[in-house]
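Q:
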Amino acid sequence: MDHKTWMIIINPSAGGGRTALLWPRISNFFIKAGLQFECVFTTHKFHAVSLTVEAIHDGARNIIVIGGDGTIHEVVNGIFFQKDVPTREITLGLIPIGTGNDLIHTYDIPADYMEAAKTLLKGRSVITDVGKVTFQDYGVERTRFFANVAGFGLDAAVIRHYERSIEENRRRGEGRYLRSLLRQFLLYRAKNLRVLVDDKPIYDGPVLTGDVGIGKYIGSGMIALPLAVADDGLFDVTLVGNMSKLAIGLRIKDFVKGNVYAFKESIHARGSKVEVYPNSTNGGYLETDGEPMGTPPFVFTILPGSLNLIVGESFVASTGTATSAES
Numbered sequence: 104m105d106h107k108t109w110m111i112i113i114n115p116s117a118g119g120g121r122t123a124l125l126w127p128r129i130s131n132f133f134i135k136a137g138l139q140f141e142c143v144f145t146t147h148k149f150h151a152v153s154l155t156v157e158a159i160h161d162g163a164r165n166i167i168v169i170g171g172d173g174t175i176h177e178v179v180n181g182i183f184f185q186k187d188v189p190t191r192e193i194t195l196g197l198i199p200i201g202t203g204n205d206l207i208h209t210y211d212i213p214a215d216y217m218e219a220a221k222t223l224l225k226g227r228s229v230i231t232d233v234g235k236v237t238f239q240d241y242g243v244e245r246t247r248f249f250a251n252v253a254g255f256g257l258d259a260a261v262i263r264h265y266e267r268s269i270e271e272n273r274r275r276g277e278g279r280y281l282r283s284l285l286r287q288f289l290l291y292r293a294k295n296l297r298v299l300v301d302d303k304p305i306y307d308g309p310v311l312t313g314d315v316g317i318g319k320y321i322g323s324g325m326i327a328l329p330l331a332v333a334d335d336g337l338f339d340v341t342l343v344g345n346m347s348k349l350a351i352g353l354r355i356k357d358f359v360k361g362n363v364y365a366f367k368e369s370i371h372a373r374g375s376k377v378e379v380y381p382n383s384t385n386g387g388y389l390e391t392d393g394e395p396m397g398t399p400p401f402v403f404t405i406l407p408g409s410l411n412l413i414v415g416e417s418f419v420a421s422t423g424t425a426t427s428a429e430s
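Numbering of the sequence shown is given in my numbering, commencing with residue 104 and proceeding in unit increments.
Printed below as a string of structure tokens:
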């Protein structure tokens with residue numbers, strides 16, 4: 104594949120099947136704009152990972168993802184699993200057609216799919232950070248990469264229940280996610296965990312929920328990491344200790360709107376390495392970019408300046424620098 108040709112990876116099931124319906128309009132727009140591209144459709148879970156690895160091996164250096172946060176997560180993992188070229192040599196563009204679309208908000212990428220397509224043609228990109236995490240999967244250590252946020256505690260429990268409900272009903276949607284959130288909110292119990300940031304203990308005790316991230320948003324717009332800076336070479340960490348269900352219910356708007364640090368039970372930290380160890384046999388689970396993973400211990404490491412991402416015009420890089428195809 105010519106290095107100038109864009110490989111477009113499309114999840115036709117994203118957005119409840121909207122991606123497949125909207126692709127003819129998007130492709131016609133790209134053709135009229137003179138964009139050189141090839142396209143491929145995913146057919147099963149994790150397919151985008153192997154498609155990305157194969158595309159890069161065949162010469163692709165520019166990739167567009169059309170789908171939701173799950174498809175983006177798979178493509179990012181494909182970029183970092185491949186060994187043919189440094190990850191910074193791959194340019195990634197996003198057209199969000201999914202249920203959550205949390206990643207785009209941090210980078211001011213338009214939520215409207217046609218506006219996002221126009222943003223791609225402008226080619227304004229930044230070198231941003233990616234997270235790496237190791238965890239246990241039935242006694243085997245696994246590694247995943249994430250472009251937005253990884254969560255544990257209640258956060259991960261909601262994702263696991265949501266994914267199980269999808270497997271049973273074959274349907275996604277914000278309503279189904281909210282039902283999973285309500286159910287876990289009522290049933291979940293805090294896990295006893297020990298947390299270190301840059302080798303220094305910051306917390307030891309019951310954790311209701313925790314997030315380690317590059318971006319700010321989770322769960323279809325909830326601002327879990329309001330102080331996060333996507334390209335500063337550091338993780339932001341939010342921990343919420345044990346709270347009564349009544350206290351949470353009374354202040355749920357604070358969780359959603361990013362006022363989480365107003366709670367006396369909340370802790371904020373920042374660092375390049377985060378470790379989470381269980382103090383009991385039941386330490387809960389992990390999710391990365393909304394995808395369910397395994398059990399602790401979790402070790403998060405930042406990969407600073409490792410991904411070249413096309414961003415919205417209003418995104419301000421922490422270094423004050425960004426490249427543009429129009430400049």
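A virtual CB, placed ideally from N, CA and C, is assigned to each residue, including glycine.
1. Compute the beta-carbon to beta-carbon distance between D232 and G374, rounded to the nearest angstrom, for a pair I have assumed lies under 8 angstroms.
2. Between which two residues does the alpha helix (DSSP H) harbouring V363 extend?
3. Using the Cα positions of L406 and G234, report the straight-line distance between them to the nearest angstrom.
4. Please classify H160: is it buried, with 16 or more other beta-carbons within 10 angstroms of its beta-carbon, or exposed?
5. Compute the Euclidean distance between the alpha carbons of L337 and I230, then round it to the nearest angstrom.
6. Keeping to the same chain, check which residues put their C-beta closer than 7 angstroms to that of N382; ignore five residues upstream and five downstream.
7. Tell me which residues share the same chain as K107 and place their Cβ nearer than 7 angstroms to its Cβ, disregarding the 5 neighbours each side in the sequence.
8. Going by Cα to Cα distance, which pick from A250, K303, E390 is closest to V332?
9. According to DSSP, which residues form a beta bridge with R373?
10. Can you tell me where the beta strand (DSSP E) with L389 in it begins and where it stops?
11. Would you mind working out which of T146, D307, G393, V168 sits nearest H220, comparing C-alpha positions?
12. Rounded to a whole number of angstroms, what is the C-alpha to C-alpha distance between Q185 and F144?
13. Relative to the C-alpha of F401, which candidate in A372, V188, G256 has its C-alpha closest?
14. Skipping 5 residues on each side, what residues in its chain have a beta carbon closer than 6 angstroms to that of E244?
15. Quick one: measure Cβ to Cβ for P309 and G344, integer angstroms, because I've assumed they're closer than 8 angstroms.
16. Could you check where the beta strand (DSSP E) with I166 kicks off and where it finishes?
17. Can you grab the Cα-Cα spacing for the pair A158 / M110, in whole Å?
18. Can the beta-carbon of L328 be found less than 7 angstroms from the beta-carbon of G313?
A: A quick look at the data gives this:
1. With a Cβ gap of about 13 angstroms, D232 and G374 do not count as contacting.
2. No alpha helix (DSSP H) holds V363; DSSP gives it neither H nor E.
3. Approximately 6 angstroms, taken between the alpha carbons.
4. By the neighbour-count definition (other C-beta atoms within 10 Å, threshold 16), H160 is an exposed residue.
5. Approximately 14 angstroms, taken between the alpha carbons.
6. N295, L296, R297
7. Q139
8. Closest option to V332, Cα to Cα, is A250.
9. D339
10. Run containing L389: 389 to 391, per the beta strand (DSSP E) assignment.
11. Here residue 220 turns out to be Ala, not His, going by the sequence shown. Of T146, D307, G393, V168, the residue nearest in Cα terms is V168.
12. 20 angstroms
13. G256
14. Excluding residues within five positions, the ones whose Cβ falls inside 6 angstroms are T237.
15. 6 angstroms
16. Unbroken beta strand (DSSP E) run through I166: 165 to 170.
17. 7 angstroms
18. No, Cβ-Cβ distance for L328 and G313 is not below 7 angstroms.
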